[in-house]
Every structure is written in C-alpha cells, then in structure tokens.
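*Asks:* One structure, pasted below without further comment.
Number of protein chains: 2
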Amino acid sequence: MEITEDGVCIGNFRAYGVREGKYGVALILNDEVCESVGVFTKNKVNGASVPIDKEKLKRGGIRAVIANSGNANCCTKTALEDAKRMCEIAGEKLGIDADSILVASTGIIGKKLDVLKIKELVDKIDREHEGSSNASKAIMTTDTYPKQISVNYRGIKIGGVAKGAGMIAPDLATMLCFLTTNADFGKEELQTALENAVEDSFNMLSVDGDMSTNDTVILMSNRSHECKFEDFCYALNFVARELAKLIAKDGEGATKFLEIEVKNAKSRENARKGARAIISSPLVKTAIFGENPNWGRIVSALGSVIEVDFDKIDIIFSNDKDKTKVVEKGVTGDLEKAHEILKSREIRIVVNLHDGDENAVAYGCDLTYSYVKINAEYN
Amino acid sequence: MEITEDGVCIGNFRAYGVREGKYGVALILNDEVCESVGVFTKNKVNGASVPIDKEKLKRGGIRAVIANSGNANCCTKTALEDAKRMCEIAGEKLGIDADSILVASTGIIGKKLDVLKIKELVDKIDREHEGSSNASKAIMTTDTYPKQISVNYRGIKIGGVAKGAGMIAPDLATMLCFLTTNADFGKEELQTALENAVEDSFNMLSVDGDMSTNDTVILMSNRSHECKFEDFCYALNFVARELAKLIAKDGEGATKFLEIEVKNAKSRENARKGARAIISSPLVKTAIFGENPNWGRIVSALGSVIEVDFDKIDIIFSNDKDKTKVVEKGVTGDLEKAHEILKSREIRIVVNLHDGDENAVAYGCDLTYSYVKINAEYN
C-alpha cells in the first residue's frame, strides 16, 4: 500500500476550500460525470443535504460536491431550499449544472443557514488555488487538524478527506467524508464496497455516543482504472479505517486515542457490540483519561450488551512499546504496569473472550474536561 | 400523601449503619419473616449478590439485608464465597439464620472484597443505635448526601433508602434501593407492584449511560396492613420516583437536575425511548451544564431513536418560576429567556411531539468537569 500526497485530488479530481472564522466551504469536482454512491446517518432527523443527496445519487450524473461547516442546515423551515441554493451557488461558480452537485453540511442544528455567507465564501474561491488540504481545512468544525489521506494500491487510487470531531457515535459516526477513486466499477459494486468499508471503520467509531443528523460518506469514481473488486475493497477499507482513526484521535477534547479489540467472540455481532459498548462507555473513557486501569468498567460495559464468561477472559493493555495482561482468565494482573501503559497517547485494549473466533475493532478516545468545555460552550 | 420521617424504619423494621472512609455496611431487619421481592440489573456480568439474592427470594423466608459500599464484590474468584460470608457475619450479629439475609454490594469492580473489614464494621454496629439515616449513609459511594424517604398513604406505610451516583443508566440505573412496607400482599403482587414502580422511576434515570453489574431494588413487606392494591401501587410509585429524583439530583458531578418529558408520542415505547435518549445524550447534558439552549441536540437525540416530524414539535424549557417555548411547531423561540431558565438548579424540558397521546418522563443531570474528575480518579 503506497501512501501518496494527493488527498482527494487523485487523477482529474480537484478540490477547493475557503474558511473564515467558524464558517468554511469546500468544493470537490471532476471534469466529467462520476459514478457516485453514499452512506448516510440513521438518525430520523436529517439535515436537508441528506434527502437531497439520496435523491441525486439515485438519479446519477454527479460531478461535484459542495460542503460547508459552521451550520448543519437542519431543523429550519428553509433548510431544503437553502441546500438547493448551495448547489446553485456551486454550479454558478463551477459553470456546471446544479443537479450534478451533491451537498453536505456540518455545524449547529436549528439555526438558519446564512446563504449569503456561503455565496461570499464560494466567491472567494480562487480556481487557480486548488488542493485537497484546503478542502479538508474548510470542512473542520471543532476538529483541531485537517484529515486526509490517499493511496495507490496496484494502480487503484483512492483519496479522502473527512471531518469529526463530536456527536460521534457508531452507526454512523458524525462526520463528513468525501472519497474519490479511479476504480472502474458501477453503482452497485461501489455501494457494496463503500458499505463494507464503513462497517468496519466509521461504524466502529465513537467519541460521545451521540448520533448526528448530517453524517455523510460520499464515494465518487471517475472509472479510469480497471481492477479486481477485492483489491479495490482492500484499499478502500484501508483508507476508511485510517480516516476513522484520524477522527478518533481528534475527538473533542481527546488526550488519548483508543483502539478496542474484542477477540474470539461467539459471533461477529457479539464482537462488534462488545467493542462498541466499551468504546462508548463514559466510565471507561474517564478512567483512561485518568490513566486509571479500572478494568472492571470494561467488563461491565461488555456485560451490558453480551453474555460474558468472566473466568475465561483475558484483557491486555498495550502501547507501541509494551503490553501487559491486566486480567488473565479472570484474575487481575499487574496494574502498576497497566498504569504506565495508560500514560501513552495511543492505547490498545484487547479483550479476549475465548468463546469463539470472531473479532472486531472499535476506535475512540478518552472523555476529558475539554470535551465538557467544548460542548458546554458550542453554539 | 403524608411524608413521614421514618425512612426505611417503618413499623417494626429497623436499620443500622456504620461507615469508615469509603467503606460502609448497612443492615435492615425485621422481627419476623417478610414477604420479599426484588428487581436486578440486566447486565450479564453480575456482582455475586445478584444470583444469591435471586435464589433466596425464590425460596423465601427473608428477614434482613446486609449491604456494603466501597466494593462491588464482582469479577473476583472468591466473590460468591465472600457474599455468603457477608450473610453469615450479619447472621451472627443479628442472631438469625444467614439464609434469611439478602446481600447487596456497591463500589469498585474486580477487587477482592475485604471480608475482615466487613466483619470489623459489623462488629462496630451498636444495636441500640438504630436509624434509617445511618443505613442510608453507610451505602453511599460517590453520593454527596444520603437518600431516604417514607410515606403514609391511607395507612399504607412505605419507606426506602437508596444510593446513586454514577454508572447510572436506564434499565436499570446503577443503584441500590431497599424498600419496606406494611402492605399485606403476597409475592406475586409485590413483584408486579415493584416492577411497575421501577419502570417509571429507576428505569427512566440516567447519569452517564453506563449499566452497573450490581443494581438491586429490594422490597420487603411485614404484611401488617390490609389495603387496596391500587393504593399500594400509587404510594410505591411515588416513593420510587422520589428516590429516583434524589439519585438524579446527586448524579456524579451534577450541578443541575433535569426532568425530560416526551409528550403526545404515538406509543408509550416511543415516549420512553425518546425521553431516555435525551436524558442520556452527553451533548444535551454538556449544553445544559453550559446553560446553552442548544435545542438542536435534543431533536437529534430524539431522532436517533424514534421517527420525528420536526414541523409539529414544541419544546418547552421551564424552572419553578418561568417557562418558554424554545421551539414552537418547528420554529425557534426566545433563546435569551431559555438561557435564563437554564441558570436554574432544576430544569424541566417538555418535548411535545403532537403525534399521539402517550407520555413519559425521564430523570437525570448535566455532564460536568466534576463528573470527569470523579471518574478519572475513582478507584
């Protein structure tokens, strides 16, 4: 897997972004029509972009995306109209049909979108000044760094930009993610590949257990490279997982990145539920923030969702240098060493259930004073 | 409904408690065998007290409870044995059969219970020095005040003590609660009444969304007063709800008590799910801590669990003096006034879905820096 520097600008994809204070606008664009698919939030309350994009993806003929940060364009009377206006503004700027443009929004819910502000920002986009990192910066909200990646795997190129950083719960995590590829597949195969990739990445990601109204993952292909489907899936899964990790590491207020693996579960569903319960537990997350090897909370979180035979369980804490069993077959291990490991910035916790052969990994972060502060003050 | 001062010591029930540092032991006792029932955590990982009590309640012949704080007696190899030893220690002290004594524990998971400490504390109990408030103080962990109540309703006496204050999620909230009554009903009726009372009180309570391993609600009756079942249920519901509110008000780190009502839902299940989702949302809870009328998070939490027609929704914030519609039929109201209301210590939020005629109320608190601190450091 070769990591490249293109971000979302692989092949003939281009990206633009401008940002002013907490408002930003990004444009991602191709010279030609792209085969495009998407995965969206399961929240029953939706930002206006969600139904609009679903409709447009069904129809096809997509060439571009406009995304804004600072306002979710959700729960206002003019939301649908404002989202359509965003597409028109982008269409005018790019000289293409508004119907060929998808839209995505992130930010506060329930405040009218300032369409004039969007127009003003779009007007400021300098067509000479393209670049994935401008787009990735423009869609940030409480993110502390932009998130992008691109790869080249056997000639398959995939690029992506994403934003977190709160209202992040599994299924799916709150976020916007735009992916581009050259892989030559039709709509059905792209949709299948995207859903599979989301399943083990963004759907295994938790910052705070809150599910957003605007989650959107879009995949656009210019279909310029023939390849094996399994190779494409492999590369797409890699990209989605790396972006999920970048989001987890930048979770609101996070001081520590957590990777939780539940191993040897009876079923895939049990492994997934278990890993997600642990990563979502405020008590696990505050313990990790406190560098406190309180493994009882891990077992309690597990037991709240699946059957657990505690006498069979191993729990292993590790960082990049060291590892220790805090529990081995139900017996407490070396908590001093566990405490040392918890001082790291990146921590991996493996819970081996010894109950089957299904595994799952979830991504998240600790729960800190800063999370409370950011979200007490956000408006 | 007459509020009395007996706590759990109604009629011939007596209670004792001692506390040293973070360890405490409480005894609640009757002269004669009581008809006793219980409701327990749904966590699949259990403190040893849970299976022991379930077994004893099935058999009957209960006269007393011993409860300790500081250690959950959960996930250790000797947990069952140590719980049985607790009953023996209580039996020796009280001069009654250990089999007639229920047991409950709360505190850290995964550390061996110090049985000698339990014995030491029980030995210190002065049989002359009885009183419900001693017992309620002895079972506190991170609680900042003891929780007890008693009532007399048409001659029906019900008393209760309870402890919160973290690992509190609906279904059921983490807690211990011991209830006593004189109402003359058999096991089945008592169980039905208790389950109904728990349904609208402790099962609608959330501090942090974590489900404990040790939740226990015990109801013991000396059967000395004949009464109507509906009167008994009415009084029992009142007592359970008041104790649930006391727990919510004393949630770990809480600065504000929240009562969330979802009104006019299509089904009772929708009303309950909606109210519980709102009360459990970290983003709603941090907004309230910040006195920030960010109602979008309320709608988002609702939409994550039930269908919502936003155009029909009213959201009302109130305190004991004032109220305001922050949303009326999907249109934002006076957020300045809402901000003023959020400065109160006790806040009520009503979400009227205008979609049916089922209502539900949930109880909880805000999410604060102190919650993070308490749980980062707890061991």
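Protein chains in written order, with my numbering: chain F, 1 to 379; chain A, 1001 to 1379.
For each residue, glycine too, the CB sits at the ideal point set by N, CA and C.
1. Could you give the first and the last residue of the continuous beta strand (DSSP E) run that contains Ser1281 (chain A)?
2. Does the CB of Ala1376 (chain A) have a neighbour CB from chain F at under 8 angstroms?
3. If we count Cβ pairs, one from each stretch, closer than 8 angstroms, do we get three or more for the region 223 to 243 of chain F versus the region 351 to 360 of chain F?
4. Check whether the Cβ of Gly164 (chain F) lies closer than 8 angstroms to any Cβ atom in chain A.
5. Within the continuous alpha helix (DSSP H) that includes Glu291 (chain F), where are the two ends?
6. With DSSP run on the structure shown, which of helix, strand or coil describes Asn319 (chain F)?
7. Taking the alpha-carbon positions, what's the Leu102 (chain F) to Asn152 (chain F) distance?
8. Taking buried to mean at least 16 other C-beta atoms within 10 Å of its own C-beta, is Arg268 (chain F) buried or exposed?
9. I'd like to know whether the C-beta of Tyr234 (chain F) is nearer than 8 angstroms to at least one C-beta of chain A.
10. For His225 (chain F), report the span of its alpha helix (DSSP H) as first-last.
11. Could you check whether Ser300 (chain F) and Thr1213 (chain A) sit closer than 8 angstroms to each other, using their CB atoms as the reference points?
12. Under the rule that 16 or more other beta-carbon atoms within 10 Å means buried, what is Met204 (chain F), buried or exposed?
13. Judging by CA-CA distance, which residue of F:Ile52, F:Gly60, F:Asn196 is the nearest neighbour of Ala235 (chain F)?
14. In three-state terms, what does DSSP make of Arg154 (chain F)?
15. When you compare the CB of Tyr23 (chain F) with every CB in chain A, is at least one pair closer than 8 angstroms?
16. What's the gap between the Cα of Ala1372 (chain A) and the Cα of Asp1366 (chain A)?
17. Chain A partners of Glu307 (chain F), CB-CB under 7 angstroms?
18. Give, in chain order, every residue of the region 66 to 89 of chain F whose Cβ lies closer than 9 angstroms to some Cβ of chain A.
19. Could you name the residues of chain F that Ile1108 (chain A) contacts, counting a contact when the two beta carbons are closer than 8 angstroms?
20. Tell me whether the beta-carbon of Ser49 (chain F) lies closer than 8 angstroms to the beta-carbon of Ala26 (chain F).
21. Under a CB-based cut-off of 8 angstroms, is Ser206 (chain F) close to chain A?
22. Using 8 angstroms as the threshold, is the C-beta distance between Asp1006 (chain A) and Gly1155 (chain A) below it?
23. Short check: CB of Val1350 (chain A) to CB of Ile1298 (chain A), under 8 angstroms?
24. Leaving out the 5 sequence neighbours to the left and right, which residues in its chain are closer than 6 angstroms to Asp253 (chain F) when beta-carbon positions are compared?
25. Since Ser380 (chain F) meets chain A, which of its residues come closer than 8 angstroms, beta carbon to beta carbon?
26. Closest Cβ-Cβ distance between Val1372 (chain A) and chain F: below 8 angstroms?
27. State the beta-bridge partners of Cys1431 (chain A) as determined by DSSP.
28. Rounding to the nearest angstrom, what Cα-Cα distance links Ser1133 (chain A) and Pro1146 (chain A) in this structure?
29. If you count every other CB in all the chains shown that lies within 10 Å of the CB of Asp320 (chain F), and 16 or more means buried, which is it?
30. If you count every other CB in all the chains shown that lies within 10 Å of the CB of Leu283 (chain F), and 16 or more means buried, which is it?
31. Should Ile93 (chain F) go down as buried or exposed, given a rule of 16 or more other Cβ atoms within 10 Å for buried?
32. Would you say Tyr1369 (chain A) lies against chain F (beta-carbon separation less than 8 angstroms)?
33. Please report the straight-line C-alpha distance between Asp1322 (chain A) and Cys75 (chain F), rounded to a whole angstrom.
34. Would the beta-carbon of Leu176 (chain F) fall within 8 angstroms of that of Val37 (chain F)?
35. What's the gap between the Cα of Ile218 (chain F) and the Cα of Ala72 (chain F)?
36. For Glu340 (chain F), collect the residues of the same chain with a Cβ closer than 8 angstroms to its Cβ; drop the 5 residues on either side in sequence, then sort them by chain order.
*Replies:* According to the structure shown:
1. Position 281 of the second sequence, counting from 1, holds the residue named residue 1281 (chain A). Careful: Ser1281 (chain A) lies outside any beta strand (DSSP E) and carries neither H nor E.
2. One-based indexing of the second sequence puts residue 1376 (chain A) at position 376. Taking Cβ atoms only, chain F reaches closer than 8 angstroms to Ala1376 (chain A), which makes this a yes.
3. no
4. One-based indexing of the first sequence puts residue 164 (chain F) at position 164. False, the Cβ-Cβ gap to chain A never drops below 8 angstroms.
5. Here the question's residue 291 (chain F) lines up with position 291 in the first sequence. From DSSP, Glu291 (chain F) is part of no alpha helix (DSSP H); its letter is neither H nor E.
6. Mapped onto the first sequence, residue 319 (chain F) falls at position 319. Three-state result, Asn319 (chain F): coil.
7. As a first step, residue 102 (chain F) is located in the first sequence; it is residue number 102 there, counting from the start. As a first step, residue 152 (chain F) is located in the first sequence; it is residue number 152 there, counting from the start. One C-alpha to the other measures close to 26 angstroms.
8. Numbered from 1 along the first sequence, position 268 holds the residue referred to as residue 268 (chain F). Under this definition Arg268 (chain F) is an exposed residue.
9. As a working note, residue 234 (chain F) is residue 234 in the first sequence. No, because no Cβ of chain A sits closer than 8 angstroms to the Cβ of Tyr234 (chain F).
10. Position 225 of the first sequence, counted from the first residue, corresponds to residue 225 (chain F). His225 (chain F) -> not in any alpha helix (DSSP H); beta strand (DSSP E) instead, spanning 216 to 225.
11. Locating residue 1213 (chain A) in the second sequence gives position 213, counting from the first residue. Locating residue 300 (chain F) in the first sequence gives position 300, counting from the first residue. Contact: yes.
12. As a working mapping, residue 204 (chain F) is identified with position 204 in the first sequence. By the neighbour-count rule (16 or more Cβ atoms within 10 Å), Met204 (chain F) is buried.
13. Taking the first residue of the first sequence as 1, we reach residue 235 (chain F) at position 235. Minimum Cα distance to Ala235 (chain F) is reached at F:Asn196.
14. Here residue 154 (chain F) refers to the residue found at position 154 when the first sequence is read from its first residue. DSSP places Arg154 (chain F) in coil when its eight states are reduced to three.
15. Numbered from its first residue, the first sequence carries residue 23 (chain F) at position 23. It does not: the Cβ of Tyr23 (chain F) has no partner Cβ on chain A nearer than 8 angstroms.
16. Start at 1 with the first residue of the second sequence, and residue 1372 (chain A) comes out as number 372. Start at 1 with the first residue of the second sequence, and residue 1366 (chain A) comes out as number 366. This sequence places Val at residue 1372 (chain A); Ala is not what is there. Cα-Cα distance, rounded: 12 angstroms.
17. Within the first sequence, the letter at position 307 stands for residue 307 (chain F). Those are Lys1044, listed as they occur along chain A.
18. Ala72, Cys74, Cys75, Thr76, Lys77
19. Counting from one through the second sequence, the residue named residue 1108 (chain A) turns up at place 108. Those within 8 angstroms of Ile1108 (chain A) in chain F are Asn294, Gly296.
20. Residue mapping note: residue 49 (chain F) aligns to position 49 of the first sequence, counting from 1. Residue mapping note: residue 26 (chain F) aligns to position 26 of the first sequence, counting from 1. No, they are not a contact pair.
21. Position 206 of the first sequence, counted from the start, is the residue given in the question as residue 206 (chain F). By this cut-off, Ser206 (chain F) is not an interface position.
22. Locating residue 1006 (chain A) in the second sequence gives position 6, where the first residue counts as 1. Locating residue 1155 (chain A) in the second sequence gives position 155, where the first residue counts as 1. No.
23. Reading the second sequence from its first residue, position 350 is the one you call residue 1350 (chain A). Reading the second sequence from its first residue, position 298 is the one you call residue 1298 (chain A). The answer is no: Cβ separation not under 8 angstroms.
24. As a position in the first sequence, residue 253 (chain F) is number 253, starting the count at 1. The amino acid occupying residue 253 (chain F) in the given sequence is Gly; Asp does not appear at that position. Counting only Cβ-Cβ distances below 6 angstroms, and skipping sequence neighbours, we find Thr368, Ser370, Tyr371, Ile374.
25. Here chain F has residues from 1 to 379 only, and residue 380 (chain F) is not among them.
26. Translated into the one-based positions of the second sequence, residue 1372 (chain A) becomes position 372. Yes, its Cβ sits closer than 8 angstroms to a Cβ of chain F.
27. What the structure shows of chain A is the stretch from 1001 to 1379, and residue 1431 (chain A) is not part of that stretch, so it cannot be assessed.
28. As a working mapping, residue 1133 (chain A) is identified with position 133 in the second sequence. As a working mapping, residue 1146 (chain A) is identified with position 146 in the second sequence. Near 7 angstroms, if we compare the C-alpha coordinates of Pro1146 (chain A) and Ser1133 (chain A).
29. Against the first sequence, residue 320 (chain F) aligns to sequence position 320. Per the 10 Å Cβ criterion, exposed.
30. Residue 283 (chain F) sits at position 283 when you count from the first residue of the first sequence. Flag for Leu283 (chain F) reads buried.
31. Numbered from 1 along the first sequence, position 93 holds the residue referred to as residue 93 (chain F). This sequence places Lys at residue 93 (chain F); Ile is not what is there. The residue in question, Lys93 (chain F), is buried, as its Cβ has 16 or more Cβ neighbours within 10 Å.
32. Mapped onto the second sequence, residue 1369 (chain A) falls at position 369. Yes, Tyr1369 (chain A) lies at the interface with chain F (some Cβ there is under 8 angstroms from its Cβ).
33. Here residue 1322 (chain A) refers to the residue found at position 322 when the second sequence is read from its first residue. Here residue 75 (chain F) refers to the residue found at position 75 when the first sequence is read from its first residue. Distance between the alpha carbons of Asp1322 (chain A) and Cys75 (chain F): 25 angstroms.
34. Position 176 of the first sequence, counted from the start, is the residue given in the question as residue 176 (chain F). Position 37 of the first sequence, counted from the start, is the residue given in the question as residue 37 (chain F). Against a cut-off of 8 angstroms, the Cβ pair of Val37 (chain F) and Leu176 (chain F) comes out as no contact.
35. Start at 1 with the first residue of the first sequence, and residue 218 (chain F) comes out as number 218. Start at 1 with the first residue of the first sequence, and residue 72 (chain F) comes out as number 72. Straight-line Cα distance between these residues: approximately 17 angstroms.
36. As a working note, residue 340 (chain F) is residue 340 in the first sequence. Leaving aside the five residues that flank Glu340 (chain F) on each side, the residues in its chain whose CB is nearer than 8 angstroms to its CB run, in chain order, Asp322.
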